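Taking it in order: structure first as structure tokens, then the write-up.
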């Protein structure tokens, strides 16, 4: 699977279709290692040809094989391990899933930013602060040189209104605080944020949590 930001780029090609959902479910250890499962759900039919037939699972398996080879090279370059890459047909949706294992946040960040060439920048950090662990995830999306006018922006927001990204982070400790929008799990060891995709493009992402 592509990185988060590369996956987001897919959204621009299917804006006129139904909603696109991205989900990142991560487990982070205190030493900065962990794993992340990434899932993107999108319409299986071309946005401008709803009369088209749904792809067969055989076709999706071949697409998954091609994409896995492409992204394996990116993962190896960043020093992370990618596994469980698959694309499945669920109803009229295409669900793409993969898992990335990393032994440091520096390598995870390298994976996120591989091939982005200034278009986006993602940084995840974990620091010791006042006897607690301070987690932070920041994503900046570079502004295009040619900005859309008000009408184009309004149209873009309307088309992306149902698209969202769900980020779930599990930690080795009790979460005591989370940034705006973060929902602390019942076990007090995880935080989930649901971010509208349009906000991600407009303002970027700035998430944080503290645990002990």
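Numbering (the working numbering), first residue to last: 150 to 361. We put the beta carbon where it would ideally sit given N, CA and C, even for glycine. Bear in mind the structure is a predicted one, so any value in this text is a computation, not a measurement.
Alpha carbon of residue i to alpha carbon of residue j, nearest angstrom
i, j, result
"residue 325", "residue 176", "17 Å"
"residue 243", "residue 217", "16 Å"
"residue 220", "residue 322", "32 Å"
"residue 359", "residue 281", "7 Å"
"residue 272", "residue 255", "8 Å"
"residue 202", "residue 347", "29 Å"
"residue 228", "residue 262", "13 Å"
"residue 343", "residue 314", "6 Å"
"residue 268", "residue 352", "14 Å"
"residue 236", "residue 212", "8 Å"
"residue 231", "residue 238", "21 Å"
"residue 334", "residue 187", "19 Å"
"residue 241", "residue 190", "10 Å"
"residue 300", "residue 278", "45 Å"
"residue 350", "residue 312", "12 Å"
"residue 170", "residue 259", "23 Å"
"residue 340", "residue 247", "21 Å"
"residue 276", "residue 172", "24 Å"
"residue 163", "residue 192", "Only weak support is given to the placement of residue 163: the predicted model assigns it a pLDDT of 43, under 50, and the question is left unresolved by the model."
Cross-strand partners of residue i (DSSP beta bridge)
i, result
"residue 205", "Its beta-bridge partners do not exist; DSSP assigns none."
"residue 350", "Its beta-bridge partners do not exist; DSSP assigns none."
"residue 358", "284 and 327"
Option in the options with minimal Cα separation from residue i
i, options, result
"residue 331", "356, 345, 310 and 338", "356"
TODO: Report yes or no: do three or more beta-carbon pairs, one from the stretch 311 to 324 and one from the stretch 280 to 289, lie closer than 8 Å?
DONE: yes
TODO: Would you check if there are 3 or more beta carbon pairs closer than 8 Å linking the stretch 237 to 257 to the stretch 181 to 194?
DONE: yes
TODO: Within the stretch 245 to 274, note down every full alpha helix (DSSP H) run reaching 4 residues or more, in order along the chain.
DONE: 254 to 262
Task: 4-residue-minimum alpha helix (DSSP H) runs that sit fully inside the stretch 212 to 241, ordered along the chain - done: none
TODO: Scan the stretch 164 to 191 and note each continuous beta strand (DSSP E) run of 3 residues or more that stays entirely inside, going in chain order.
DONE: 170 to 177
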